[in-house]
Amino acid sequence: MSYKKPDNKDLEAMIGIVGKNYATANDAICASYLSKSVMGLEAQIPDIVIRPKYPEEIRKILVYCSQEKIPVSPISGGLSGGFACPLIRPGGVVLDLSRMDRIIEIDTENRIAIIEPGVTLGQLWAYMHKHTPEYCPPIPDGAPPSSTVMGDAIDRGFSLVTSSMGPQGDIFMCAEVVIPRGDILYTGSWALPTAKPFYKYGIGPDLWSTLMGSQGTMGVITKVAIKIFPHPEHKTVVVWGMSNPQDMQNLTWQIGNQEFGIAHHCVMVQGGNYPLVMTRWPKEKVPHDYEFYKEIGFSKWWMNFEVWAQTQEELEYTEKRIDEFAKKFMESKECKDPKSIKKQELHPKQIASRLKKPNKIAIPYGYWEAGFLFITWYTPWKDCAEFAEMYTKVLEDHGIAPVMWIASVERCRQAICMPIICFDSTKQEDFEKVQEINRITTEYSIKRGWLNYRPDPYIHAPMMYSQAGTYLKYLREVKKMFDPNFIMHPGRLMLP
Amino acid sequence: MERLEVMKKELYRCIHCKACKFTYSGDPSRDGVGEHKGVLYEGMVPSCPSGLEYGWESFWNAGRMWIARCILEGDLEFSENVRDTIMQCITCGMCEVQCENKVPCVDIIESLRAACYFSGVPLIEKHELVSKFVVERNNPYGGDKDKRFEWVKENGLEEYLDKKGAKIAYYVGCTASYRQINIAVATCKIFKRLGIDFALVTKEVCCGSPFFRIGRTDISQDLMNTNLELFKKYEMVLFSCAGCYRTFTVDYPKWIKKELPFKTNHAFELISDMVKDGKIKFKENPELRGKVVTYHDPCHTGRHFFIDAQRKIIDESKNLIFDLRKINKWKEEWFEKPRIIIRALPGVKFKEMYRIHENSFCCGAGGGVRAGYPDFSLKTASLRLDEAEAVGADIMLTECPFCWRNLDDANTMFNHGIPVYGILELIDKYDLIAD
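If you read the sequences in order, they're chains A and B. Position 153 of the first sequence, counting from 1, maps to 153 under our numbering, and the rest follow consecutively. Position 106 of the second sequence, counting from 1, maps to 1106 under our numbering, and the rest follow consecutively.
Below, the structure written as structure tokens:
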């Protein structure tokens, strides 16, 4: 597929649509949108950046670009959540959706928020904290405050209630999507002009799912209705530590497998290993030996159970039951190292810090050296320990700190496994090392049937799709239906 | 370019997460003061004046960091486009204190500007003019260099001109010498009243702050060397200007790569310590009774000192997990200093704005922006005054003549009705020191 590099005539056309203050080919401005970190190391500088305000402007832009075969990559916020640079040359047009930042409605009766794509986590959190404190938005834990709610959800991120309610993608109810063939599509119950956004699957076979998980490879989402959740007053964090990932996996499964009651109260179940703590600081400024972390109270591995409850009684009951499960697990044959299983007592300040949302917990891994990459895989819950062992070994073999974060999705139905590769992005050899790690681990993971989330377009995506040819064939057909000239975010997801 | 290269590893810590877009980026549920003029002062609030003004990614800090990276990697060349983007940053450092990866954003911007200038891209016209003025007249305002201390005679303070035997010098700075003379006079009068034996050094030249900020590091180093030669005989140098104080205390040691030959102190620190020790007592003035007073932390004495102190603690630390508390302790004590004075003033009600301490919103004057982009600068000052309005302030205090100037101009231009004073100026004007 060949694309056109936009020229002055194209810029003039864009200015004609959005006005001269909101379309530019200024090279410094275009360069400022570049990002090679966290979610992917490959990116191009766009040739034009446009900051539209209205769906109709986007519709006209997409129709024009489709006609001219100019690539378009929409971005809505920060990393992670809706920040997707162009992947191919020419970079084409970036649609910066940050001006579309209206919180249109918070409907507590139907537990829905209607927002535009530029609404940030910090913005929505502050708004609801002030105006509807009894409800909270489904923001991701760990994504920076300037990521967007829509951006995180379209990537199927991990929200503050994912361990209980399912992946972030499941919070969508309805959407307004501008597609390159020039239509504005309404999904879910919004497909009927008179309907409220109360039903995700709408009036027939669901089109919405084909738009998900793509960072804008099919169209531009301009409005969404998302679920909001009660924000109960009674919360705590219960932490159980252990010496190995198997015990972490199996103890957590015991609780998630309950499905009802306490499993639902554990809104966020996430853990990892002690390098998760160590690599949040500069490499030369903290001890590397586990003994130090042991002394300050960290087990080699641990699992946090963040519990939300409507009453103190419910909260205490849940904590008591988690402790009972842990004690029972220690006595079971399944437990590899019973002596290492212990409850970590948290200071109230530590609990408050872990309950804080949105937070900056995922950011400081750049401080260890100079840059990092999140690689994320979904596995069946009972495979997460194997994944962790495999990945941490590969990291260590390459001289990289073995940082592993694992969380439960929907009561241990899946695990989201995220090794954090902390490396020195000033060094070319480190980039090469990261790519080699990616290749080795992807080969292993695909054989095991694990799925990469937000795949790297040069390693994860080709390796995965090469195993799923029929699926890719139909994905291309779906893409062609929405985007006949394949202008939306080309390169991502092997499309075209 | 060399300085930018030196900071490459620190620059590459920026992951473009854009947490720096928010004030209180680590405090999402912070209770605020509600909504005022369309801004919700609750939780996180957008942080960057230039990002707010212009919107494009290049005007937010993270975008500028990636411009710097593109320059280093050869993906972008210096040009007037680059200059116009990086120059419209107030270098307030709000972004830097939000950054979990401790990217030295202000130093990077300043180095980028210097590299841009020395690559052959001319300064904007207004910056050329102030550069010309300072070279010819030792001050960026174009004032006659022989009239720098004219205000001394008018206020009966001649005894302090190059006073022999004094071990303390008061560095007045250009803004208080040529524009906010009220600040210089009030400072001298208070020093006099407190019996401080000090000298005014008649040959002092601009501290160089504006030129460190806009990238003319050649000019700023010449000025620095002149001042260091002039002041080296004193044990302590006092300041009333946040920018000059920052430049002497933070920039000079960085450039000369050693400690200064004298101690530095801002007047508010001196007075604060005296209040704390019970050496100064204040009396009430009926004109101020019941007035709501708020305080604007100047970036140069507030956030920039915090950043510098934090960096030193990190550099010296062998285990940062433990030393984090040292940083927090330093911060709490530092930001309390001006507040100790204000809380001790009887009769006035002290009410904080929403964004304070290291999260204080800038007045808009710094980084060469007031000279180069006055409309943007004044709009920023007006946003700060909006914040004072939101808490019902009658008076805004600060401790920097440059902030004073910008805030006061915006107060007049945008009809906020909130007079601005320096803390020492208020004390002098209303005769608040008890006998």
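Glycine included, every Cβ here is placed at the ideal spot set by N, Cα and C.
Given residue i, which residues of its chain have a CB within under 6 Å of its CB, disregarding the five upstream and five downstream residues?
i: A/TRP368; result: THR279, LYS283, CYS422
i: A/VAL63; result: GLY182
i: B/ARG1030; result: TYR1024, GLY1043
i: A/GLY497; result: As shown, chain A starts at 1 and ends at 496. That puts residue 497 of chain A outside it, with no answer to give.
i: A/GLY213; result: ARG156
i: B/GLY1051; result: PHE1059, TRP1060
Along the chain, where does the alpha helix (DSSP H) that runs through residue i open and close?
i: A/ASP96; result: No alpha helix (DSSP H) contains A/ASP96, which is instead part of the beta strand (DSSP E) from 93 to 96.
i: B/ARG1096; result: Per the sequence shown, residue 1096 of chain B should be read as Glu rather than Arg. Note, B/GLU1096: alpha helix (DSSP H), 1094 to 1098.
i: A/GLU176; result: Note, A/GLU176: premise wrong, no alpha helix (DSSP H); beta strand (DSSP E) at 172 to 178.
i: B/LEU1383; result: 1374 to 1390
i: A/SER66; result: 55 to 68
i: B/TYR1252; result: 1252 to 1256
i: B/TRP1060; result: B/TRP1060 -> no alpha helix (DSSP H), and no H or E assigned at all.
i: A/THR392; result: 384 to 397
In the DSSP output, which residue or residues are listed as bridge partners for residue i?
i: B/VAL1295; result: This sequence places Tyr at residue 1295 of chain B; Val is not what is there. Paired residues: B/LEU1397.
i: B/ASN1406; result: DSSP, once it has assigned bridges, lists no residue as partnering B/ASN1406.
i: A/THR120; result: A/THR148
i: A/GLY241; result: A/TRP302, A/LYS342
i: B/LEU1238; result: B/TYR1170, B/ASN1265
i: A/HIS234; result: A/ALA309
i: A/THR376; result: A/TYR453
i: B/GLU1035; result: B/LEU1040
i: A/GLU105; result: A/ILE114
i: A/ILE406; result: A/GLY271, A/CYS417
i: A/ASP424; result: A/ALA370
i: B/SER1220; result: DSSP lists no partner for B/SER1220.
i: B/ILE1433; result: B/PHE1282
Quick one: what's got a C-beta closer than 8 Å to residue i's C-beta in the same chain, skipping five residues either side?
i: B/PHE1268; result: THR1301, LYS1337, PRO1338, ILE1341, GLU1399, ILE1423, LEU1424
i: B/PHE1078; result: ILE1071, ALA1115, CYS1116, SER1119, GLY1120, VAL1121
i: A/LYS328; result: GLN254
i: B/MET1236; result: LYS1167, ILE1168, ALA1169, PHE1262, LYS1263, THR1264, ASN1265
i: A/LEU276; result: VAL403, MET404, TRP405, ILE420
i: A/GLN312; result: HIS234
i: B/ARG1213; result: THR1091, GLU1110, ARG1113, GLY1366, GLY1367, GLY1368
In terms of residue numbering, what span does the beta strand (DSSP E) encompassing residue i cover?
i: B/TYR1421; result: 1420 to 1422
i: A/ILE221; result: 220 to 227
i: A/LEU451; result: 451 to 453
i: A/PRO510; result: Because chain A in this structure spans residues 1 to 496, residue 510 of chain A falls outside the shown range and cannot be described.
i: A/ILE48; result: 48 to 50
i: A/GLN44; result: Taken as a continuous stretch (DSSP letters only), A/GLN44 belongs to no beta strand (DSSP E), as it is neither H nor E.
i: B/PHE991; result: Nothing can be reported for residue 991 of chain B: it is not among the residues displayed for chain B, which extend from 1001 to 1435.
i: A/TYR186; result: 184 to 186
Which same chain residues, not among the five before or five after residue i, have their C-beta less than 7 Å away from its C-beta?
i: B/GLU1287; result: TYR1430
i: B/CYS1244; result: TYR1171, GLY1173, CYS1207, SER1209
i: A/ILE29; result: VAL49
i: A/GLY216; result: SER73, PRO74, ALA84, MET488, HIS489
Under 9 Å between beta-carbons, which chain D residues line up against residue i? List them in chain order, please.
i: B/ILE1314; result: Included in the structure are the protein chains A and B, with no chain D among them.
Using a Cβ cut-off of 7 Å, which residues of the segment 444 to 464 of chain A contact any Cβ in chain B, in chain order?
none
Check distances from the C-beta atoms of the segment 1010 to 1022 of chain B to those of chain A and list, in chain order, the residues that come in under 9 Å.
GLU1010, LEU1011, TYR1012, ARG1013, CYS1014, ILE1015, HIS1016, CYS1017, LYS1018, ALA1019, CYS1020, LYS1021, PHE1022
Assess, as a yes-or-no matter, whether the segment 1372 to 1390 of chain B is touched by the segment 1312 to 1328 of chain B under the definition of 3 or more beta carbon pairs within less than 8 Å.
no
Is the number of C-beta pairs between the segment 1161 to 1174 of chain B and the segment 1194 to 1201 of chain B that are closer than 8 Å three or more?
yes
Is there contact between the segment 48 to 61 of chain A and the segment 461 to 471 of chain A, where contact requires at least three CB pairs shorter than 8 Å?
no
Give a yes or no on contact between the segment 1091 to 1111 of chain B and the segment 1055 to 1066 of chain B, applying the rule of three or more CB pairs nearer than 8 Å.
yes
If you measure beta-carbon to beta-carbon, which residues of the segment 103 to 125 of chain A are closer than 7 Å to chain B?
GLY122, TRP125
Using a Cβ cut-off of 9 Å, which residues of the segment 171 to 187 of chain A contact any Cβ in chain B, in chain order?
none
Tell me, please, whether the segment 351 to 368 of chain A touches the segment 1005 to 1019 of chain B by the rule of three or more beta-carbon pairs shorter than 8 Å.
yes
The segment 1040 to 1055 of chain B: positions lying closer than 8 Å to chain A by Cβ:
LEU1040, GLU1042, GLY1043, MET1044, VAL1045, GLY1055
Hey, is the segment 405 to 418 of chain A in contact with the segment 377 to 384 of chain A, meaning 3+ C-beta pairs nearer than 8 Å?
yes
If contact is defined by three or more beta carbon pairs under 8 Å, each pair taking one atom from either stretch, is the segment 227 to 239 of chain A in contact with the segment 129 to 137 of chain A?
yes
For the segment 130 to 160 of chain A, enumerate the residues whose C-beta is nearer than 7 Å to any C-beta of chain B, in chain order.
LYS130, PRO144, PRO145, SER146
Can at least three beta-carbon pairs, one atom from the segment 332 to 349 of chain A and one from the segment 477 to 491 of chain A, be found at a separation below 8 Å?
no
Would you call the segment 169 to 176 of chain A in contact with the segment 216 to 223 of chain A, where contact means no fewer than 3 C-beta pairs closer than 8 Å?
yes
Between the segment 1353 to 1373 of chain B and chain A, which residues of the former have CB atoms less than 8 Å from a CB of the latter, in chain order?
none
Listed from N- to C-terminal order along the chain, which residues in the segment 1375 to 1389 of chain B have their beta-carbon within a distance smaller than 8 Å of any beta-carbon of chain A?
none
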